[in-house]
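7 is the number of the first residue of the sequence shown in the numbering used here; add one for each residue after it.
Glycine included, every Cβ here is placed at the ideal spot set by N, Cα and C.
Note that the structure is a prediction, hence the values are computed from the model and not measured.
What follows is one structure encoded as structure tokens, with my remarks underneath.
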Amino acid sequence: MKQWVVDERSAGFDESIRAASQYIQQGKLVAFPTETVYGLGANALDETAVRRVFAAKHRPADNPLIVHIAEVSQLTPLLPSGYAPSVRERALMEAFWPGPLTMLFPASAAVAPSVHPGSELVGVRMPAHPIASALIRASGCPIAAPSANRSGRPSPTSAADVIEDLAGEIDGLLDGGACGIGVESTVLTVLEDKVIILRPGGITQEMISDVMDIPVVYDAHLMGADKPPLAPGMRYRHYAPDARVHVWWGEAPDIYAAMCTLLLDEDSMYSHPPMRPAVIAPDDFLSRYTFPSGVRLIPFHHEMYADELAQHLYSQLRACDHDGITDILVHGVNPARGIGTAVMNRLQKAAEGRSFRV
Ligand code: TXA
Ligand code: MG
């Protein structure tokens, strides 16, 4: 695997981008940073290359990929001839592109079929990261890219995470440092009378509502309804570390009480092998309450807790795995506000049912 360490402010940037774009043009796989998480890129118009993405990630073949573009003019060839985005879709592009918003459109025959298996629709987004845009521009083609993790693992937010999961499976990696947002893009579809959010992400429901004149709702699956998700990817055990994740949200004293019940439970303390716990919580929570010695405490600033948790969640889950942590106890955030919706959605997936309102 060829690795390029890149910074758009330093000499050699253009050369590295050019070399990586040649890989894309040759049908090779290149991982690259976006403002959300690292993506594993392939030419979205090259069916053979796209199939290699699925093989590298061990991704189920029925889970569609997002196509990344660098300018709005690149959208036209992805859509059936004569099809124009609606006024509302254009308003969303205007407001949030480039940025962490993926929209579904009818796909043209130019898009490799494996990008959107079993669906006429293709997800498109314009990332806001300078390395991602430069790579797409230099490649001269749209780039299909799922998150660059092995399927089922937490998404990668650094080059080291990509290497951990995919070294040996991919051809190139643009190392542009850590990702800023940390959770994946919001995926939505605009219907006649409503906008449906299929996956909560970096662009929040409030932000979308602000520019729409129709209701913005979550896919019923996300609201707990016993219905298959509209985004096939939301079906899988996703974003999960090896450690067991437990999440509580509510008032601080109740969260603390619930954490203590788990930590001090005789069965778990003396079970074999013994529990090695970590607690992720706001710094003021961790300084106010005491925890048994041996519990790893992972604080984030209380005022920026939701944003910092979003940014560092996946890297912390991976770090806990490296250190043999068996149980990660997480102080949840308000699931109805801002990025909290996306964070709680990912935590709920990682927790596999061990998620509680107290
Ligand atoms: O922030 C992101 O979106 C990152 C970066 C790399 O751009 N990408 C990403 O891709 O998270 P991935 O493949 O890990 O997640 C894509 C999600 C999946 O849940 C998939 O099911 C959904 O988007 N999706 C993509 N195309 C779709 C389509 N045509 N119909 C329904 N859902 C779709
Ligand atoms: Mg993914």
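Does the beta carbon of residue i fall short of 8 Å from some heavy atom of the ligand MG?
| i | result |
| --- | --- |
| S293 | no |
| G239 | yes |
| N155 | yes |
| E190 | yes |
| P152 | yes |
| S161 | yes |
So for residue i, helix, strand or coil by DSSP?
| i | result |
| --- | --- |
| I286 | strand |
| F297 | coil |
| T42 | coil |
| R352 | helix |
| T108 | strand |
| R250 | strand |
| P305 | strand |
| Y276 | Only weak support exists for where Y276 lies, its pLDDT of 48 falling under 50; the value from the coordinates is given anyway. Note: Y276 maps to coil in three-state DSSP. |
| Y262 | helix |
| A151 | coil |
| I209 | coil |
| D181 | strand |
| R363 | strand |
| G346 | helix |
| K8 | strand |
| Y89 | coil |
| T195 | strand |
| L127 | strand |
| D167 | helix |
| Y245 | coil |
| H227 | helix |
| V36 | strand |
| L335 | strand |
| A312 | helix |
| I202 | strand |
| V59 | helix |
| A17 | coil |
| A138 | helix |
| A173 | coil |
| G47 | strand |
| H122 | coil |
| I30 | helix |
What I want to know is whether the C-beta of residue i ends up closer than 8 Å to one or more non-hydrogen atoms of the ligand TXA.
| i | result |
| --- | --- |
| T42 | yes |
| A140 | no |
| R143 | no |
| R15 | no |
| T108 | yes |
| L204 | yes |
| V128 | yes |
| R131 | yes |
| N2 | No answer is possible for residue 2: the residues shown for the chain start at 7 and end at 364. |
| S125 | yes |
| I220 | no |
| G208 | yes |
| H227 | no |
| H64 | no |
| A308 | According to the sequence provided, residue 308 is His. The question's Ala does not apply to it. It does not: the Cβ of H308 is nowhere closer than 8 Å to a heavy atom of the ligand TXA. |
| L179 | no |
| P70 | yes |
| V193 | yes |
Give me the Cβ distance between residue i and residue j, rounded to the nearest whole Å; I'm assuming they're in contact under 8 Å.
| i | j | result |
| --- | --- | --- |
| E190 | S161 | 6 Å |
| R24 | A144 | 6 Å |
| D177 | K63 | Actually they are not in contact, since the Cβ atoms of D177 and K63 sit about 14 Å apart, beyond 8 Å. |
| A61 | A154 | Not confirmed; about 14 Å, so no contact. |
| A50 | V121 | 6 Å |
| D260 | V364 | 4 Å |
| I203 | L194 | 5 Å |
| F291 | H227 | Not a contact, Cβ separation roughly 31 Å. |
| G208 | A348 | 7 Å |
| Y311 | P341 | Not confirmed; about 13 Å, so no contact. |
Between the Cα of residue i and the Cα atoms of the options, which residue gives the shortest distance?
| i | options | result |
| --- | --- | --- |
| A184 | S321, A348, V339 | S321 |
| Q354 | P305, P280, P206 | P206 |
| K200 | D248, L315, S92 | S92 |
| I75 | E175, M240, R58, T108 | T108 |
| T82 | D52, V128, A48 | V128 |
| W254 | P133, V12, I334, T195 | I334 |
| D329 | D248, V12, A118 | D248 |
| E175 | W103, V222, E77, L46 | L46 |
| Y245 | L98, A356, V78 | A356 |
| A325 | R159, D225, F291 | R159 |
| A67 | Q80, E53, V78 | E53 |
| S215 | R250, R58, R343, A226 | R343 |
| R302 | E21, V217, Y89, M281 | M281 |
| P283 | D327, P221, A113, V56 | D327 |
| I72 | V130, A237, A116 | V130 |
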